[in-house]
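Going by the UniProt record's numbering, the sequence shown opens with residue 1, and the numbers climb by one from there. Each remark here refers to the structure printed beneath this line.
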Amino acid sequence: MSDLTVSHTFGNDGQILVTIGGRLAIDTVAGFRAFLTEQLPQAATVKLDAASLEEIDLCGIQLICSACHTALCAGKMFAFSGGIPACVQTTISSLGLQGYDVCKYNSDITCIWCRGVN
1 MSDLTVSHTF GNDGQILVTI GGRLAIDTVA GFRAFLTEQL PQAATVKLDA ASLEEIDLCG
61 IQLICSACHT ALCAGKMFAF SGGIPACVQT TISSLGLQGY DVCKYNSDIT CIWCRGVN
């Protein structure tokens, strides 16, 4: 497995597309958190392309949940771009998250883990 790779592009509409690949795990989340903390204030909409992820653990899942919550609290949209990769779906299933349609922490909007959008 490779280390985490992160890239991004800004659209003219205030959208940022963040592309991540490799491993989003306990030893790589700090760098991704720093990146999100720096970039999130500049975007109205965050789209996360995780198609190139090879591995994700609970820390990675929690960081994405936290980023989603932070964005929504700031009046921004946060969603996956495209589908959710198999490694993410496997981790979601092993954590028991697949049965949630809404997120009780974000005003009962659609949970990104179950629908990919909010």
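All residues carry an ideal CB built from backbone N, CA and C; glycine is no exception. These numbers come from a predicted model, not from an experiment.
query: Residues of its chain near residue 18, where Cβ-Cβ distance is below 6 Å and the 5 sequence neighbours each way are ignored; result: 8 and 48
query: Residues of its chain near residue 76, where Cβ-Cβ distance is below 8 Å and the 5 sequence neighbours each way are ignored; result: 40, 43, 44, 45 and 46
query: Alpha-carbon spacing of residue 5 relative to residue 62, whole angstroms; result: 18 Å
query: Proximal residues to residue 22 (C-beta, below 8 Å), its chain only, five neighbours per side dropped; result: 1, 2, 3, 4, 5, 28, 52, 53, 54 and 55
query: Runs of alpha helix (DSSP H) wholly within the UniProt domain "MlaB-like STAS" (18-98) (minimum 4 residues, chain order); result: 29-39, 58-73 and 86-95
query: CB of residue 20 within 8 Å of CB of residue 32, strictly; result: yes
query: Residue from 93, 88, 82 and 110 whose Cα sits closest to the Cα of residue 24; result: 88
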